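Written out below as structure tokens is the structure these notes cover.
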Amino acid sequence: YSTHIHTHTLYSRFISPPPKPPFHPVSQECEDPASQPIFWVGKWVDYSDKYGLGYQLSDSSVGVLFNDSTRLLLGADFESLQFINRDLSEEFYTLSSYPDALYKKVTLLKYFQSYMTEHLLKAGGAAGERPIDEGVRLPHLRAWFRTRSAIVLHLSNGLLQINFFNDHTKVMICPLMSALSYIDEHKTFTTYKLSLIEKHGCNKELATRLRYAKAMTERLISRLDQGVTTPLPHPTPTPSSNPPLCPPPATS
1 YSTHIHTHTL YSRFISPPPK PPFHPVSQEC EDPASQPIFW VGKWVDYSDK YGLGYQLSDS
61 SVGVLFNDST RLLLGADFES LQFINRDLSE EFYTLSSYPD ALYKKVTLLK YFQSYMTEHL
121 LKAGGAAGER PIDEGVRLPH LRAWFRTRSA IVLHLSNGLL QINFFNDHTK VMICPLMSAL
181 SYIDEHKTFT TYKLSLIEKH GCNKELATRL RYAKAMTERL ISRLDQGVTT PLPHPTPTPS
241 SNPPLCPPPA TS
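Per full-length UniProt numbering, the sequence shown runs over residues 1 to 252.
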């Protein structure tokens, strides 16, 4: 599966040790706005104690990675549906026409979408509003897990995203573009070429997150090798940077 190839490519970008002291501000020469990822996770809600992880991508499309490792995506047009089975086979429907077997999952997806729209701010803000070519394939959430420090999100296009809980900074590493995007505590979105970071160095803040990203990539590869894409269900919702999600309302 190509995503797994991307993951190993991602890890190969970390073979060189991250920058070491002396640290200094990141040079503007390292910046490369053209390498900004097309998609990243702008919002997320962890309700894996019952259902799974709901998320919104930067283009406003919405997805859920359910605890049974199936996935359901709603395009940015809020009409096109894509269901991905556990074996990664795909089925395409519309929000106005889909099988009865998907009724519960579509209902949950709608609830996740409504909750995120009403309660959460989108990471990356205006950076995600650039036009996207119609032929670009919508990625899905391939795998995710949480640590005490962060949530780790891996998209099917190879992107690794790490959202840190304490300061709400975010790191995104794209193996295809060999680029690093960073959203700092002031919500400033900057994209760098990894090769230029290796050449010119960076500040301690970014170097620390690169080391963490390398460790999380190792853990991700280990989990994917074992076929694990979601955390084990837990009896109660874990603390989240997002407000708790209430059960979906009853439907007639």
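C-beta atoms are modelled at their ideal positions from N, C-alpha and C, and glycine is treated no differently.
Quick caveat, the model's predicted, so the values are computed rather than measured.
(request) Please report the residue range of the alpha helix (DSSP H) in which Pro196 lies. (result) Here residue 196 is Leu; the residue named in the question, Pro, does not match the sequence. It spans Leu194 to His200 - the alpha helix (DSSP H) in which Leu196 sits, taken as one unbroken run.
(message) Please return the same chain residues whose Cβ sits closer than 8 angstroms to the Cβ of Arg86, not counting the five positions on each side in sequence.
(response) The beta carbon of Arg86 lies closer than 8 angstroms to those of Asp68, Ser69 and Thr70 in the same chain, with the five residues before and after it left out.
(request) Please report the residue range of the beta strand (DSSP E) in which Gln161 lies. (result) Element bounds for Gln161: Leu160 to Phe164.
(request) Since I believe Asp32 is in contact with Ala179 (beta carbons under 8 angstroms), could you give me their beta-carbon distance rounded to a whole number of angstroms? (result) Contact between Ala179 and Asp32 holds, since their C-beta atoms are separated by about 6 angstroms, short of 8 angstroms.
(message) Assuming Asn166 and Val26 are in contact, meaning their beta carbons sit under 8 angstroms apart, how far apart are those beta carbons, in whole angstroms?
(response) Not a contact, Cβ separation roughly 21 angstroms.
(message) Quick check on DSSP: helix, strand or coil for Glu185?
(response) Three-state result, Glu185: coil.
(message) Short of 8 angstroms in beta carbon distance, which residues of its chain neighbour Ser195, apart from the five on each side in sequence? Order them along the chain.
(response) Around Ser195: Ser178.
(message) Using CA atoms only, rank isn't needed, just tell me which of Gly75, Met116, Phe164 and Gln36 is closest to Asp147.
(response) Here residue 147 is Thr; the residue named in the question, Asp, does not match the sequence. Closest option to Thr147, Cα to Cα, is Phe164.
(request) Please state whether DSSP places Lys170 in a helix, a strand or coil. (result) The DSSP-derived three-state label of Lys170 is strand.
(message) Taking a contact to mean a Cβ-Cβ separation below 8 angstroms, would you say Lys170 touches Ala215 in this structure?
(response) For Lys170 and Ala215, no; Cβs fall outside 8 angstroms.
(request) Let me know the secondary structure DSSP gives Phe78 once reduced to three states. (result) Correct three-state label for Phe78: coil.
(message) For Cys246 and Phe145, I'd like the C-alpha separation in whole angstroms.
(response) With a pLDDT of 48 at Cys246, under the threshold of 50, the modelled position of that residue is not reliable, and no figure is offered here.
(message) Which residue wins for smallest C-alpha separation from Ser48, given the options Lys199, Phe189, Ser35 and Val64?
(response) Considering only alpha carbons, the answer is Val64.
(request) In the DSSP assignment, find the unbroken alpha helix (DSSP H) run with Ala213 in it and report its ends. (result) Membership of Ala213 in the alpha helix (DSSP H) is indicated by the continuous run Lys204 to Asp225.
(message) Taking its Cβ as the centre, do 16 or more other Cβ atoms sit within 10 Å of residue 297, making it buried, or is it exposed?
(response) With the chain represented from 1 up to 252, any question about residue 297 goes unanswered, as that position is not in the structure.
(request) Measure the CB-CB distance between His154 and Glu29 and report whether it falls below 8 angstroms. (result) Cβ atoms of His154 and Glu29: not closer than 8 angstroms.
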